[in-house]
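Colleague: Under this note's numbering, the first residue of the sequence shown is numbered 28, with each subsequent residue one higher.
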Amino acid sequence: MGLGPDDEVRQSVKGTSILTHESRPVVSSPGVEGPTQSDTTAQRQPTLFSVEHDGSSENSLSDEVQVGRVDPRKIVYFSPSDPENPYNWSKGKKLYMFATGIITVFNSTLGSSLPSGAISFIAKHFDITDDIQLPLPISCFLAGYVVGPMLCGPLSENNGRKPVLLAFFLVSTIFTMASAVAPSWPTLLFFRFICGVGLSAPISIAGGLYADIYDDPRERGVAMAWFIVATSSGPVVAPVISGFIAENATWRWVFGFATLFSVATLPLIIFMPESFGPVLLSRRAKRLRRETGDPDIIAKAELQKKTFRHVVTVVMTRPYRMLFNEVIVMSCCAYCALAYGIFYLYFEAYPIIFQGPDSVYKWSWGISGLAFLPIGIGSFLAAPILLAWDSYLAKAQKRNAKWANQEEYRRLPLACLGGPLYVVSLFWIGWSAKPGMHWLAPVASGVPFGLGFVLIFMALLNYLSDSYMIFAASAQGIASTCRSVFGALLPLGAHRMFSSLGVPWACSLLAFLSLGMCLIPVAFIKYGDQIRDNSSFCKQLKAMQDQEAAERKDNEAESADVGEGEGQGQETIYEKV
């Protein structure tokens, strides 16, 4: 688009070109937003990203806010090669972020089931004799997982990943230490709940963090695969640690160990850089305003309304709007919630089968924790399966196989494999755990259980991140909330279910429920593209991305036109390093 000599002014600040012209109305939408009109004659026409000044033509698809008149040429962008763009960070920097995410997630999930190996000692200390209360230290922690993602995911999309992760992790560290000195049973349960709230942050934010730094779906998928491995391996390692610590020291040192691990992890978070693009651009805009003295330089995230009402009614409600309006989110949440609930129910089922004088195999507390290790082995086996699938998919894409370019085939076939494995493992342990049957038979069922669990989560959570991109943290957050509800509630009924139905039929009931869920990834593979085409959030994301690409192309063309007469090679404002 051409500009007349009266419309345009060039400022040069430290080698940076800032082009300005007649202001136009701009509106914003969460995450990625920008100008909606290309000339002033169209400035009152409502579009997907616009709201009339009188509020009479609001589009329901976006969280847009009318912000008045700003100069589109003074909106800060990342250029494709910008080194400050997290997509362009060095391999070492990305590896640091990846490792920080994995270690914090492992810290979180380790803490979730840590009391399981020591629960008999804890119950004896506080004189708890009711079996129904025994799962409460784990269930209260998982109840914190329900509350935490309501805050962590949306807040990280509004304020950045690092400050939210650091604040919540500090809270969890303090209350983990408090759990080690808890004077009473109710106090311990309250401390465990706060720990769950704090440690929900890594689970809620990691998916968004990896979406921030990996634009290649394959790289993002591998990162998410290890995220799921960390999610599942932490809980299965915890009973081994807590069982041996409680047997040889005291149950309070179980939480002491967790505190030391948290303190050792904190420096990784303190020194991690911020990775959320809109926050980084806001910081750049502030720096440029300070350097140039031009108050009109602005980042798109700053165009959003930041009032308390907006945060509460738009930002904080986004995960729930996605849950109730998005078929993909709703279905993924249902499947993951059931699988997760069964996973944590195992921490009550395994003691019934292996631990103590009343169990089937009558093992000691420390030794019985080792029965969980095959689940961890199965979890790790999922990673090479993912890499093999990625290699096969890449070859299919090179030969232009039609199916290989469909979004649903990127990850969902893994869930089609993992679902049946998960079902088989439940039948396996249910009908092999009996007196006279060697202990290796039920223990070995943990391998397909762990493998199936991780493949299901790996596929569905990756599908959520790939489908919702900048809203990934909200989608992952509500998925975390839903599965944590099941993880907190299902174990509470474990003792009654196993005593009423017996081990074989209790496990079979869980297997039949899981069998029905196996249809979800199959349905997505067949109908997923149609579902996404009809999704309001997916439509909004596509429109945002198309609009931003068009705006960047127009701005680059304008800059090139002006540069021909005034010094070519200078950068526009959104290319400022």
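We treat Cβ as the ideally placed atom computed from N, Cα and C, and that holds for glycine.
With DSSP as the reference, label Ile-552 as helix, strand or coil.
Modeller: Residue state, collapsed to three classes: helix.
Colleague: Using the C-alpha atoms, what's the distance from Leu-546 back to Tyr-554?
Modeller: Their backbone Cα atoms lie some 12 Å apart in a straight line.
Colleague: When burial is assigned at 16 or more other CB atoms within 10 Å of the CB, is Lys-189 buried or exposed?
Modeller: So Lys-189 counts as buried.
Colleague: On the CB-based measure, 16 or more other CB atoms within 10 Å of its CB, does Glu-375 come out buried or exposed?
Modeller: When all chains shown are included, Glu-375 counts as buried.
Colleague: Note down, in chain order, each residue of its chain lying with its Cβ closer than 7 Å to the Cβ of Ile-221, except the 5 sequence neighbours on either side.
Modeller: Only Gly-171, Val-198 and Phe-202 meet the Cβ criterion.
Colleague: Roughly how many angstroms separate the alpha carbons of Phe-105 and Pro-113, rounded to a whole number?
Modeller: Distance between the alpha carbons of Phe-105 and Pro-113 is about 10 Å.
Colleague: With contact counted as at least three CB pairs below 8 Å, one residue from each stretch, are the segment 558 to 566 and the segment 439 to 450 in contact?
Modeller: With a cut-off of 8 Å, the segment 439 to 450 and the segment 558 to 566 do not count as touching, because too few Cβ pairs lie within range.
Colleague: Leaving aside the five residues before and after Ile-297 along the sequence, list all residues of the same chain whose C-beta is less than 8 Å from its C-beta, in chain order.
Modeller: These residues qualify, in order along the chain: Leu-193.
Colleague: Mark Glu-91 as exposed unless 16 or more other C-beta atoms lie within 10 angstroms of its C-beta, in which case mark it buried.
Modeller: For Glu-91, the pLDDT reaches just 37, beneath the cut-off of 50, and the residue's location in the model is therefore unreliable, although a value from the coordinates is still provided. Buried is the call here.
Colleague: Note down, in chain order, each residue of its chain lying with its Cβ closer than 6 Å to the Cβ of Pro-21, except the 5 sequence neighbours on either side.
Modeller: Past the edges of the chain, shown from 28 to 604, lies residue 21, and the structure says nothing about it.
Colleague: At what residues does the alpha helix (DSSP H) containing Leu-420 begin and finish?
Modeller: That run of the alpha helix (DSSP H) goes 400 to 425.
Colleague: So is Met-464 buried or exposed if we call it buried at 16+ other beta carbons inside 10 Å?
Modeller: With fewer than 16 Cβ atoms within 10 Å of its Cβ, Met-464 is classed as exposed.
Colleague: Does DSSP classify Gln-433 as helix, strand or coil?
Modeller: It is coil, neither helix nor strand.
Colleague: For Trp-390, which residues of its own chain have a beta-carbon under 7 Å away from its beta-carbon, when the five flanking residues on both sides are left out?
Modeller: Taken in chain order, the residues that qualify are Phe-381 and Gln-382.
Colleague: Assuming the contact rule is C-beta atoms closer than 8 Å, Ala-228 and Phe-254 should be a hit. Round their C-beta distance to whole Å, please.
Modeller: About 14 Å separates the two Cβ atoms, so there is no contact after all.
Colleague: Provide the residue(s) that pair with Ile-324 in DSSP beta bridges, ordered along the chain.
Modeller: Answer by DSSP bridge pairing: none, since Ile-324 is not bridged.
Colleague: Whether or not the segment 285 to 294 and the segment 401 to 413 are in contact is what I'm after, with contact meaning three or more pairs of Cβ atoms, one per stretch, closer than 8 Å; do they touch?
Modeller: The segment 401 to 413 is not in contact with the segment 285 to 294.
Colleague: Assign Asp-66 to buried or exposed, taking buried as 16 or more other Cβ atoms, counted over all protein chains shown, within 10 Å of its Cβ.
Modeller: Note that Asp-66 scores a pLDDT of 36, beneath 50, so its modelled location is shaky; the value from the coordinates is reported in the next line. So Asp-66 ends up on the exposed side.
Colleague: Going by CA-CA distance only, name the one from Ile-456, Pro-300 and Val-290 that's closest to Val-606.
Modeller: With the chain running from 28 to 604 in the structure shown, residue 606 is simply not present.
Colleague: Looking only at C-alpha atoms, which of Ile-497, Leu-478, Ala-486 and Cys-534 sits nearest to Phe-454?
Modeller: The option with the nearest alpha carbon to Phe-454 is Cys-534.
Colleague: Determine the closest residue to Ser-117 out of Glu-435, Thr-508 and Pro-300, with distance taken between C-alpha atoms.
Modeller: Here the closest residue by C-alpha is Pro-300.
Colleague: Closest to Ile-272 by CA distance: which of Asn-561, Trp-392, Lys-429 and Ala-328 is it?
Modeller: Comparing Cα-Cα distances from Ile-272 to each of Asn-561, Trp-392, Lys-429 and Ala-328, the minimum goes to Trp-392.
Colleague: What's the call for Asp-109, buried or exposed, on a 16-neighbour Cβ count within 10 Å?
Modeller: Label assigned to Asp-109: buried.
Colleague: Give me the residue from Asp-573, Ser-501, Ala-570 and Arg-310 with the minimum Cα distance to Ala-238.
Modeller: Closest option to Ala-238, Cα to Cα, is Ser-501.
Colleague: Below 8 Å on the Cβ atoms is my contact criterion, and I expect Val-208 with Arg-279 to pass it. Report the Cβ-Cβ distance as a whole number of Å.
Modeller: The Cβ separation is near 7 Å, so the contact holds.
Colleague: Taking 7 Å as the threshold (C-beta atoms), are Met-251 and Asn-561 in contact?
Modeller: In this structure, Met-251 does not lie closer than 7 Å to Asn-561 by Cβ.
Colleague: My guess is that Leu-122 and Val-281 are in contact by the Cβ rule of under 8 Å, so how many angstroms apart are they, rounded?
Modeller: Not confirmed; about 32 Å, so no contact.
Colleague: Could you tell me the boundaries of the alpha helix (DSSP H) in which Gly-463 lies?
Modeller: Careful: Gly-463 lies outside any alpha helix (DSSP H) and carries neither H nor E.
Colleague: Answer with buried or exposed for Gly-58, where buried requires no fewer than 16 other C-beta atoms within 10 angstroms of its C-beta.
Modeller: Caution is warranted here: a pLDDT of 33 is assigned to Gly-58, below 50, making its placement in the model unreliable, and the coordinate value is therefore given only provisionally. It is buried - the Cβ of Gly-58 has at least 16 other Cβ atoms within 10 Å.
Colleague: Alpha carbon to alpha carbon, how far is Ser-166 from Ser-309? Give it in angstroms, no decimals.
Modeller: Approximately 40 Å between the Cα atoms of the pair.
Colleague: Within the continuous alpha helix (DSSP H) that includes Lys-118, where are the two ends?
Modeller: Segment 118 to 140, the alpha helix (DSSP H) holding Lys-118.
Colleague: The alpha helix (DSSP H) that contains Ile-483, what's its start and end?
Modeller: Unbroken alpha helix (DSSP H) run through Ile-483: 473 to 495.
Colleague: Quick one, which of Leu-517, Asp-493 and Ala-570 has its alpha-carbon nearest Tyr-241's?
Modeller: With distances taken between Cα atoms, Tyr-241 lies closest to Asp-493.
Colleague: Tell me whether Trp-390 sits in a helix, a strand or coil according to DSSP, three-state version.
Modeller: Looking at Trp-390 - three-state DSSP - the assignment turns out to be strand.
Colleague: Using the Cα positions of Leu-365 and Ala-521, report the straight-line distance between them to the nearest angstrom.
Modeller: The straight-line gap from Cα to Cα measures roughly 14 Å.
Colleague: Report all residues from its chain with a CB closer than 7 Å to the CB of Ala-431; omit the five preceding and five following residues, and keep chain order.
Modeller: Contacts found: Leu-420, Ala-423 and Gln-424.
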